[in-house]
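Be aware that the sequence shown starts at 1076, since it is given in the working numbering, and climbs by one per residue. We put the beta carbon where it would ideally sit given N, CA and C, even for glycine.
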Amino acid sequence: MIVDLHEDISDYFLMAGATSVTQPFDKDMEGRHVDIPKYRKAGVRLVFGSIFPMVGGLNSRLMAGLSGMYKEWSPASVPAAPREIAIEQVKTYYSLEEMYGKHLRLVRTGKDLDGLTSKVGILLHLEGCEALSEPEDLRIFYRLGVRSIGLTWNYDNKYASSCRSGKDYGLTGEGEALVKMANRLGVMVDLSHAGPRTCRDVLELSETPPFFSHADAYSVQKHPRNATDELIRKVARRRGVIGLTFITSCIGEPADASRLAEHAMHIARVGGAGALALGTDYLGIRTTPTGLEDITKLSLLTDALKRKGADKEMAGKMMYSNAMNFVKRFADSWGGW
């Protein structure tokens, strides 16, 4: 069974994602990272569906920074009309549940989570909080179904500094209020894309355990999106998890299952096997790791882990139980709509 802490499903349908071509989600589309038939074949139980409040653009300054970080041509993603875009993406997930309710369920309550036997659960995650005019707006998005937030994407905002910040000022006063609001609501706080000082501030302030939905190990590949040993230890001590991401520049060369397994083994050595999870970023990446072209190929990663000394239990923890147990610690406080 599999829990994937990060997929850009709504962006794929609303903006054609990274693949430029869409087809019905119940079709096993060749070359598509994920869809319902692939979920069923792979044994996926829960996916964090990202709400990405950005639009594409050709801002040369932003493109230069993003292309340099991701080591491939990257059009700029601009937070224009972020609230409207976020709501459209929420509506996209509602439509997916309506159209494919036999196979998909939006997860809003602990009961929804417990009932994921024949259906794949989708948990709504806000990737960057530009859509929130003030911290109290999180209550509105909570009512819409959001149960997880990342404070930033790759740009600084009014709440926190990002991994690409020139200042890394950490949490602002508004950011502190937002973290406290998330704690009150039982909304998970994701450190992915946040700057180092922001991560430390959240770890110090938050009453609930923060996590990384999609990041690899900085000690294995020095990339601003990856988690340092210090952060891995602190997240693990709080019983948070780190979801291994399939972003090839985060993995390093050669970007394949073996190299990704190195990241997993390092995280396990630093933070313990209980900190391992999976956050592919499928539908949000243009280039996948070699051999991991879609979610049905994850057995290649578990095989690579075993070759590096991991046992079956550790692989199972990374693919499913660590992340599911993490989410369940929040689910008891969720009040549905």
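Whole-number beta carbon distance between residue j and residue i, since they are thought to touch under 8 angstroms
i: LYS1392; j: LEU1351; result: 6 angstroms
i: ALA1406; j: VAL1078; result: About 13 angstroms; that fails the 8 angstroms criterion.
i: ASP1291; j: LEU1266; result: Not quite, the Cβ-Cβ distance comes to about 13 angstroms (not below 8 angstroms), so this is no contact.
i: GLU1205; j: ASN1232; result: 6 angstroms
i: PHE1401; j: PRO1364; result: Between PRO1364 and PHE1401 the Cβ distance is about 24 angstroms, and since that is not below 8 angstroms, they are no contact.
i: VAL1122; j: VAL1195; result: 6 angstroms
i: CYS1325; j: ARG1361; result: About 14 angstroms; that fails the 8 angstroms criterion.
i: LEU1089; j: GLU1159; result: So it is not a contact: roughly 11 angstroms between Cβ atoms.
Nearest residue (CA-CA) to residue i, options the options
i: GLU1279; options: ARG1120, LEU1246, ILE1077; result: LEU1246
i: LEU1207; options: ASP1243, PRO1154, GLY1176; result: PRO1154
i: ASP1086; options: SER1288, GLY1106, GLY1131, ARG1120; result: GLY1131
i: LYS1383; options: HIS1268, HIS1341, ARG1404, GLY1410; result: HIS1341
i: SER1281; options: LEU1373, GLY1346, LEU1253; result: LEU1253
i: GLY1190; options: LEU1199, LEU1201, HIS1178; result: HIS1178
i: SER1408; options: PRO1128, GLU1251, ASN1258, GLY1176; result: ASN1258
i: ALA1343; options: ALA1385, ASP1187, GLY1176; result: ALA1385
i: THR1371; options: ARG1107, PRO1099, MET1090, VAL1295; result: ARG1107
i: LEU1080; options: GLN1098, VAL1310, ARG1120; result: ARG1120
i: ARG1345; options: PRO1299, CYS1274, THR1362, ARG1312; result: For the record, residue 1345 in the displayed sequence is Val; it is not Arg. The residue with the shortest Cα to Cα distance from VAL1345 is ARG1312.
i: ASP1243; options: LEU1181, ALA1269, LYS1381, MET1090; result: ALA1269
i: SER1240; options: GLU1159, ALA1156, GLY1140; result: GLY1140
i: PRO1284; options: SER1294, PRO1299, VAL1262, ALA1302; result: VAL1262
i: GLU1105; options: MET1389, ASP1369, GLU1388; result: ASP1369
Counted within 10 angstroms of its Cβ, other Cβ atoms place residue i as buried (16 or more) or exposed
i: PRO1271; result: buried
i: SER1237; result: buried
i: LYS1309; result: buried
DSSP state of residue i mapped onto helix, strand, coil
i: GLY1196; result: strand
i: PHE1401; result: helix
i: GLU1163; result: helix
i: ILE1415; result: The structure shown does not extend to residue 1415, since the chain is modelled only from 1076 through 1412, so no value can be given for it.
i: ASP1407; result: coil
i: ILE1360; result: coil
i: HIS1108; result: coil
i: ASP1304; result: helix
Cβ-heavy atom distance, residue i to the ligand FAD, below 7 angstroms
i: PRO1154; result: In the structure shown, the ligand FAD is absent, as is every other ligand, since no ligand is present at all.
Beta carbon proximity, residue i to chain D, threshold 8 angstroms
i: PRO1210; result: Protein chain content of the structure displayed is limited to a single chain, and chain D is not contained in it.
Any alpha helix (DSSP H) of 4 or more consecutive residues that is wholly inside the segment 1363-1395
Listed in chain order, the complete alpha helix (DSSP H) runs (minimum 4 residues) inside the segment 1363-1395 are 1374-1382, 1387-1391.
Please specify which runs of the beta strand (DSSP E), each continuous and at least 3 residues long, are wholly inside the segment 1166-1217, giving them in chain order.
Counting only runs of 3 or more, we get 1179-1181, 1195-1202.
Give, in chain order, every unbroken run of the beta strand (DSSP E) that is at least 3 residues long and sits entirely within the segment 1113-1148.
Contiguous beta strand (DSSP E) elements confined to the segment 1113-1148 occur at 1119-1126, 1130-1132, taking only those with 3 or more residues.
Can you give, in chain order, each stretch of the alpha helix (DSSP H) that sits fully within the segment 1215-1297 and has at least 4 residues?
For the segment 1215-1297, whole alpha helix (DSSP H) runs of length 4 or above, ordered along the chain, are 1248-1260, 1271-1280.
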